[in-house]
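Worksheet: the structure to be examined is printed underneath.
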Amino acid sequence: MLERGARGTVTGGGSVLRRICLLTAVAAVPLLAYFSLLSGEDDPASLRNVGRAYYEEENYAEAAKTFDRILSLVPGSAVDHINLGVVLVQLEQYETARQHLEQGEKLGRYLAAHAAYNIALSYKRQRDMAKAAEAFERVLKLDPSDPDTTYNLAVVYEALGNLDRAFELATRAVDLLSDEIAPHYRRMMIAVRQGKTAIATQEKEALTRLRGQDARNRTPAELEMSRYTEIVEPERSSVPEVREAKASGVKFTDVTTEAGLTTVDRAAEPMPASFSWVDLNGDSLQDLAVSVRGRAPAFWLNAGSGKFKAFSPALEAQAEGTSQAWGDLDFDADQDLCLAGKEVVQVLTNDGSGKLTKTSDLPLESSSVRDLLLIDYDHDGDLDLYAALSGSPPRMFQNDGKAAFVPTGAGNGLSPAASKAESLLFVDFDDDNDTDFFLTQSGFPNMLLSNLRVGAFDDVAGKVGLQTPSENREVVVTDLNNDEWRDFVFLQKNGELSAAVGKRSGKFQPMSVGRVASRSPALVSFDYDNDGDEDLLAAGRLFQNDGRFTDFTSAAGLEALGDRIIVQADPEDFDGDGDLDLALCLEDGSIRLLRNEGGNRNQWIRVALEGLQSNRFGVATKVEIRDGSFFQQKIYHGKPLLFGIGQRQDVDVVRMWWPTGVAQNILAPALKQTALIKEKLGPPSSCPFLYLWDGERFSFFTDVLDVAALGVPLAGGKLLPHANREHLLIPGSKITYRDGRIVVQMTGELREIVYLDSVELQYIDHPADTLVFPLDWAGAQADSSSRLVELSDLRRPLGARANNGEIVTAELVEKDGTYVTEGVRLTRFNGLAGPHSLVLEFGDLSGMDRPALLLEGWINWIDGDTLYALGQGAGPGLTGPRLEVQKGDGEWEVISENTGLPGGIGKHVIVPLPRRACRPNTRLRISTNLEVYWDRAAIGNITGRWESSTSPLPLLMSDLHFRGFSRLVRGPKGVPPWYDYEDVASQAPWKPQQGFLTRYGSVSPLLKSVDDRLAVFGPGDELTLAFAIPPPTRRGFVRDFVLRVDGWIKDANPSTRTGDRVEPLPTRTMTNYPFDEVPSMENREYWETVDQYNTRVMGGR
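All the letters of the sequence shown, read from the start, carry residue numbers 6 to 1106 under our numbering.
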């Protein structure tokens, strides 16, 4: 761990782990400031570490300065000529780079492959493919099996038109990189160009399989990086001496009796037991729940200051094992319990005071429970139950949001056949914002079930290096080196303590930690001395983390435990003094409390979370602490997290990555306190935005393609139906010409991918006393031969009343941005309201011949996660909007059970009315439980219908580019959010999806027809569209415009199928995205368009 000591020195040893920490920490430190941390300013080895760190963090300018400094000290350093050359290639200083690379090879012939590879890259990036091929061929002679050289040489020969040699090399690259997407894609495209349809089809099938397995998809830049583009270290004849670690001075004292924890009532023979820290009664203090096999659970309430009182609620439950899991099962903000019973899991709900009532037993079909885990695996906002069972594979029980559980099907990969899972851990091992699972199996390989984002999981333990060790007493997930990537620690049955250190590549590197003599199975990771890194307690031995792990059991006072077997250990600051105490469960079933004395000499901050869109206690939220170069990340398990920060006097920020994927930052939080953080609501919608020129600036107009969302799951394995087209009305008053053109900006500012197939702008000239609307809204089923409708003789309501009795007539007479909010009562489900209605009085409409109701307003859409939860029964079903007319006898007659909805902000619905609805005293009622807000209501006569207006105005120019993110401006309740185009941020508060987007520049050829040739763009991108201006308007007419947009969107909600990636690209023939077939390999034009345009990378890992 990199610590800034009082004298500005680097403290601790020089192990591999320390170097990893060093590289992670240094990136945020200015170069001269970092030099003060080094033992010597002119030490080439230390400077090389700094240069490597800058290079790995892509700060190439500072990396170049550092290696140039080394060469001024050691001009004959072969490795540093190579290193400087490698960096200069990334800086695009190619000629100078080649000079250093050639010099490095002269000084050290063993570096020839490094030199040749980077020289090849320099020529490739300069598009001198002949020289690039020559240099890559030289690397292959030196290293014939290097996969990255093979792949890049295939790309070079394809560019040169030598398809036979390119195909040969691509085939070899597929063999060398069989589990990566890029070589298969490259071989497929070369086969398409060669007319080898059968091979291209074979590779397309391989790509489908790999994408379904969440295979590695490196970006073009990443594909150029190899072991030859890494910073080179000189050959070393000896290992540097590691500095001696020092004990922290923290001691643990047994305070079991002092704390008031009475002995568990046991039978004469020792009984297996387990315990949990849980806030049973909602007083923000962690209580102790003890489960003893054959007994009802026992509880001790925390009275504060480390004192406990026995609590004995009457329970109709008895533990038949030691497994227990706590969480809010019914979203009422208290902790409920799942408890192992006899061939059942017992579900008990909490009334908030600590009283638990059994609500159900989940049958296990002759199996007993080995482990229980509560986790929102399907991202619908409630906690599901995962159970490891004896005699059968593990089973997932899906929560309906009301603590009722239903087992999921076996086909989702969570119940692997022949699995003998003993323990279950959740972990986002690849940092892609979904929940993966790690399963241990004694004597059998571990399993890592990767979430594929298609409703399925796949075991990837063998691919990433986690199948072994398999003979384990206990496994924990932590972050040993504060690099953000999860690490696994294994306490093996043979006493070996080892780790698998997570890497950015998604794979794991084994590391030895130590050994223990005791057969105790207890293992826990915690920062016992508050210095900011994770220490380990394994089998009663304390290993202090100082970059290496040193046994300080005796110094910490833990030798007093003697030879007693510890079956469970769990840290918790039970006395609230800012350091982590310990609770231990011994082999005889007794519980011991050990107070930490001295850990709080270092600074600390406690973080407690309250979920709103996520599960109520924020389970699986990633919480980060940052202060300059200092970084920690912990995973929230439903109870407050304590962060030690050493002697720092403040922290810059606490950042939460909620399960929704949204980041939330708390700046400069107070230390030595608990920061209670409520989840920030995420973006209110997920679709591209449209901005129009108003003569002075671009102003927000509306959103688009709201109804074209892909991959949104419903209950029962179904997907939400979607459209792929929108006809958007733009009033003529909103159009101001700019430089003789009509200019429209379409932006991707939220967590979605936009797949744009075609954009057309048409104009409509109509009589000044009429209004024209596209027959297009959410749920519209208009006659395909009539896309526009003209209304005349528009009648405003004479009166309007909300369901709560309030008069709302003034809000509905004009489209003026004043919305009806009365009676709209929000629920905990985003986009779902309590039942609400409007009664509209129009007076005498008996003379109308072809009446239609016009409704204008906006809807706060239900997000995919909420829709999925509602489909499981977590809340009421969706209703309406239902339209009724009052008959002469006062009864209400249904005209439409679902009129449709405005397809976004400021949009409309047209409902043709039967003539009988127009009476001398016409009264209509609109009812729904959706969060929709009406702006205008009117009834008019339909006087005309048209298929279209005019021919499309010519698209003069298009430009796709990065712009950033407009500031979200939230209004009061009922007012739609808008976005300030002039106030732009460059970074989004979420992590990007992965995949290939359309390269920047003109995309006009992709947008001129509906043909599945898509312009694909994502968060932060902007598409500028310029259209020709139409001829002058005829006298007596007014002009409006219709923007016809064909395409789709896909948001990054964790529940959205393939929401974490760009692919697969949708097509008009798809009916079951993302599971439909992609276009045939014989469609050469389609695939060459994709290969030509979709070259820009988003995300990557």
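Positions of the beta carbon are idealized from the N, C-alpha and C atoms, including for glycine.
It should be emphasised that the depicted structure is a prediction, and the values quoted were computed from it without experimental measurement.
- Membership of Pro49 in the alpha helix (DSSP H) is indicated by the continuous run Pro49 to Glu61.
- Of all C-beta pairs linking the segment 1070-1080 to the segment 970-987, fewer than three are shorter than 8 Å, placing the two stretches out of contact.
- At a cut-off of 3 residues, the continuous stretches assigned as beta strand (DSSP E) that sit fully inside the segment 360-419 are 361-368, 374-380, 389-394, 400-404 and 410-412.
- Look at Phe72 here: in three-state DSSP terms it is helix.
- Secondary-structure assignment with DSSP links Ser296 through a beta bridge to Ser279.
- Residue pairing by DSSP places Ile864 opposite Val937 in a beta bridge.
- Beta-carbon to beta-carbon, Gln497 and Arg478 are separated by about 7 Å, close enough to satisfy the 8 Å threshold.
- Short of 7 Å from the beta carbon of Gly311, and not among the five residues preceding or following it, lie these beta carbons of its own chain, in chain order: Val260, Ala264, Phe579, Asp580 and Arg600.
- Going by DSSP, Thr176 is part of the alpha helix (DSSP H) stretching over Leu168 to Leu181.
- Per DSSP, Tyr99 has no beta bridge partner at all.
- Straight-line spacing of the CA atoms in Phe304 and Trp331 works out to 13 Å.
- One alpha carbon belongs to Leu320, the other to Gln351, and they sit about 11 Å apart.
- By the Cβ rule, the segment 763-779 counts as touching the segment 1044-1061, because three or more pairs are nearer than 8 Å.
- For Glu577, the closest alpha carbon among the candidates Ser595, Asn307 and Val480 is that of Asn307.
- CA-CA distance, Trp490 to Leu695, rounds to 38 Å.
- The beta carbon of Gly416 sits closer than 6 Å to none of the beta carbons in its chain outside the five residues before and after it.
- The beta-carbon distance between Glu1027 and His966, rounded to whole angstroms, is 6 Å. This is short enough to meet the 8 Å contact definition.
- With a contact defined as Cβ atoms closer than 8 Å, Phe970 and Val1102 miss out at about 19 Å.
- The criterion of a C-beta distance shorter than 8 Å is satisfied by Gln750 and Thr1029.
- No Cβ-Cβ contact shorter than 8 Å links Val667 with Lys683.
- Secondary structure of Tyr1078 (DSSP, three-state): coil.
- The beta carbon of Leu147 is closer than 8 Å to those of Ala117, Ala118 and Ala121 in its chain, skipping five residues each way along the sequence.
- Asp356 has no beta-bridge partner at all, per DSSP.
- Taking the C-beta atoms as reference points, Asp333 is found nearer than 8 Å to Phe622.
- In the DSSP annotation of this structure, the continuous segment of the beta strand (DSSP E) that includes Gln514 starts and ends at Phe513 to Arg520.
- Contact between Arg830 and Gly839 holds: their C-beta atoms lie close to 4 Å from each other, under 8 Å.
- Per DSSP, Asp985 is one residue of the beta strand (DSSP E) stretching across Trp983 to Ala990.
- If you ignore the 5 residues before and after Val1008, its C-beta comes within less than 6 Å of the C-beta of Ser963, Leu965 and Ala1020, all in its own chain and listed in chain order.
- CA-CA distance, Leu290 to Ala338, rounds to 15 Å.
- The DSSP-derived three-state label of Ser763 is strand.
- Under DSSP, Lys639 takes part in a beta bridge, and its partners are Val628.
- For the pair of segments examined, the segment 912-927 was found not to touch the segment 869-882: the number of CB pairs separated by less than 8 Å stays below three.
- For Arg198, the enclosing alpha helix (DSSP H) stretches over residues Ile186 to Gln199.
- Under DSSP, Ala574 forms a beta bridge with Leu589.
- Burial check for Gln573: the Cβ neighbour count within 10 Å reaches 16 or more, so the residue is buried.
- For Val658, the closest C-alpha among the options Val980, Ala680, Leu755 and Gly166 is that of Ala680.
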